[in-house]
Amino acid sequence: AQSVTQPDIHITVSEGASLELRCNYSYGATPYLFWYVQSPGQGLQLLLKYFSGDTLVQGIKGFEAEFKRSQSSFNLRKPSVHWSDAAEYFCAVGPNQGGKLIFGQGTELSVKP
Amino acid sequence: GAVVSQHPSWVICKSGTSVKIECRSLDFQATTMFWYRQFPKQSLMLMATSNEGSKATYEQGVEKDKFLINHASLTLSTLTVTSAHPEDSSFYICSANEGLAGYLSSYNEQFFGPGTRLTVL
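In structure tokens, the structure reads:
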């Protein structure tokens, strides 16, 4: 079955520290992979996406993610976290039938001053 | 980038009434729109896929008669929660695919609306 797993429900990091959010997927075909960020009470904003090509993907707000097919992973990284990065982060894989996305459970990021 | 709006951003209604939520693609034509439901501290649950001019496709377990979806034009889809009850209180988010004219792609990126907070008293 197709699925996305984000093993960490909640992560706390200090401002200025590096960040890595984990995402593992199970998908039969070549996946399209996405990371979204959601601030409280808001919709989702796309951080970055991987369709093909270079497995290291650069996104907005200084985020990057690396697709590792052998590990079925697409971890999100940022070298230096800012307080404004505190939010919920969702990993997603697609396309499923009809172009649908499958979302992970989300990881809540808290940033300590 | 492509912009998707939702209206209203929040709504409070009495139990037994119906509520309509609009989802609009502001600067592109959306051949497909998706409706999600999100409970606090949880992920997005896909409710249905809406294609312009045809009936929506509902996910397993979603009541078609309770959550009426209409996609009357390439820029507007509506979700009507009929006879709402407190358990329908949730955050509803729509997304839209930007179809590329003359280009057949296995996937078009989804753009998400800001969400609608529904509270049923």
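Chains as they are written, first to last, in our numbering: chain B, 1 to 113; chain L, 114 to 234. From the three backbone atoms N, C-alpha and C, an ideal C-beta is built for every residue, glycine too.
(request) May I ask you to check if the CB of Cys91 (chain B) is nearer than 8 Å to at least one heavy atom of the ligand ATP? (result) Annotation note on the ligand ATP: not contained in the displayed structure, which lists no ligands.
(message) Counting only beta-carbon separations shorter than 9 Å, does Phe152 (chain L) have a partner in chain B?
(response) Counted from its first residue, the second sequence places residue 152 (chain L) at position 39. By this cut-off, Phe152 (chain L) is not an interface position.
(message) Distance check for Val124 (chain L) and Phe98 (chain L), CA to CA, integer angstroms please.
(response) As displayed, chain L neither begins before 114 nor continues past 234, which places residue 98 (chain L) out of reach and without an answer.
(message) Closer than 8 Å is the cut-off here; do at least three beta carbon pairs connect the region 190-201 of chain L with the region 78-97 of chain B?
(response) no
(request) Identify which residue in L:Val233, L:Leu234, L:Glu211, L:Gln223 has its Cα closest to the Cα of Ala143 (chain L). (result) Sequence index remark: in the second sequence, residue 143 (chain L) carries index 30 (1-based). Comparing Cα-Cα distances from Ala143 (chain L) to each of L:Val233, L:Leu234, L:Glu211, L:Gln223, the minimum goes to L:Glu211.
(request) Look up Glu165 (chain L) in the DSSP assignment and say whether it is helix, strand or coil. (result) Position 52 of the second sequence, counted from the start, is the residue given in the question as residue 165 (chain L). Coil, per DSSP.
(message) With distance defined between alpha-carbon atoms, name the residue in B:Leu44, B:Tyr36, B:Gly53, B:Leu47 nearest to Thr30 (chain B).
(response) Mapped onto the first sequence, residue 30 (chain B) falls at position 30. When only C-alpha atoms are compared, the closest one is B:Gly53.
(message) Quick check on the DSSP output: what are the complete beta strand (DSSP E) runs of length 3 or more inside the region 34-62 of chain B, in order along the chain?
(response) 44-50, 56-58
(message) Using a Cβ-Cβ cutoff of 9 Å, what residues of the region 181-201 of chain L are near chain B? List them in chain order.
(response) none
(message) Please report whether the beta-carbon of Gly53 (chain B) lies at a distance below 9 Å from any beta-carbon of chain L.
(response) Residue 53 (chain B) sits at position 53 when you count from the first residue of the first sequence. No, its Cβ sits nowhere closer than 9 Å to a Cβ of chain L.
(request) Taking Ser122 (chain L) and Leu139 (chain L) to be in contact with their CB atoms under 8 Å, please state how far apart those CB atoms are, rounded to whole angstroms. (result) As a position in the second sequence, residue 122 (chain L) is number 9, starting the count at 1. As a position in the second sequence, residue 139 (chain L) is number 26, starting the count at 1. About 15 Å; that fails the 8 Å criterion.
(request) To the nearest angstrom, report how far apart Ile60 (chain B) and Val37 (chain B) are at their CA atoms. (result) Within the first sequence, the letter at position 60 stands for residue 60 (chain B). Within the first sequence, the letter at position 37 stands for residue 37 (chain B). One C-alpha to the other measures close to 11 Å.
(request) Would you kindly check if the distance between the Cβ of Glu15 (chain B) and the Cβ of His82 (chain B) is under 9 Å? (result) As a working mapping, residue 82 (chain B) is identified with position 82 in the first sequence. As a working mapping, residue 15 (chain B) is identified with position 15 in the first sequence. Against a cut-off of 9 Å, the Cβ pair of Glu15 (chain B) and His82 (chain B) comes out as a contact.
(request) List the whole-angstrom C-beta distance separating Ala1 (chain B) from Ser26 (chain B), where the pair is believed to meet the contact cut-off of C-beta under 8 Å. (result) Locating residue 1 (chain B) in the first sequence gives position 1, where the first residue counts as 1. Locating residue 26 (chain B) in the first sequence gives position 26, where the first residue counts as 1. That pair is a contact at about 7 Å.
(message) Using C-beta distances below 8 Å, list every residue in its chain close to Phe63 (chain B), excluding the 5 sequence neighbours before and after it, in chain order.
(response) Residue 63 (chain B) sits at position 63 when you count from the first residue of the first sequence. Same-chain partners within the cutoff: Trp35, Leu47, Leu48, Leu76, Arg77, Lys78.
(request) Can you grab the Cα-Cα spacing for the pair Leu213 (chain L) / Ser110 (chain B), in whole Å? (result) Taking the second sequence and counting its residues from 1, the one referred to as residue 213 (chain L) is at position 100. Taking the first sequence and counting its residues from 1, the one referred to as residue 110 (chain B) is at position 110. Note that Leu213 (chain L) scores a pLDDT of 47, beneath 50, so its modelled location is shaky and nothing firm can be said.
(message) Among B:Pro40, B:Phe74, B:Phe103, whose alpha-carbon lies nearest the alpha-carbon of Thr55 (chain B)?
(response) Your numbering for residue 55 (chain B) matches position 55 in the first sequence. Closest option to Thr55 (chain B), Cα to Cα, is B:Phe74.
(request) Look at the alpha carbon of Lys154 (chain L) and the alpha carbon of Val194 (chain L), and state the distance between them as a whole number of angstroms. (result) Numbered from its first residue, the second sequence carries residue 154 (chain L) at position 41. Numbered from its first residue, the second sequence carries residue 194 (chain L) at position 81. Those two C-alpha atoms are separated by around 22 Å.
(message) Along the region 125-144 of chain L, where does the CB come closer than 9 Å to a CB of chain B? Name the residues.
(response) none
(request) Taking 8 Å as the threshold, find out whether the region 224-233 of chain L comes into contact with the region 128-136 of chain L through three or more Cβ pairs. (result) yes
(request) Output yes or no for whether 9 Å exceeds the beta carbon distance between Gln45 (chain B) and Cys23 (chain B). (result) Sequence index remark: in the first sequence, residue 45 (chain B) carries index 45 (1-based). Sequence index remark: in the first sequence, residue 23 (chain B) carries index 23 (1-based). Contact flag unset, no.
(request) Please state if the CB of Asn183 (chain L) and the CB of Ser163 (chain L) are separated by a distance shorter than 9 Å. (result) For this step, residue 163 (chain L) is matched to residue 50 along the second sequence. For this step, residue 183 (chain L) is matched to residue 70 along the second sequence. It is a contact, given that the beta carbons lie within the stated cut-off.
(request) Would you verify that the beta carbon of Ser203 (chain L) is, or is not, closer than 9 Å to some beta carbon of chain B? (result) As a position in the second sequence, residue 203 (chain L) is number 90, starting the count at 1. Taking Cβ atoms only, chain B never reaches closer than 9 Å to Ser203 (chain L), which makes this a no.
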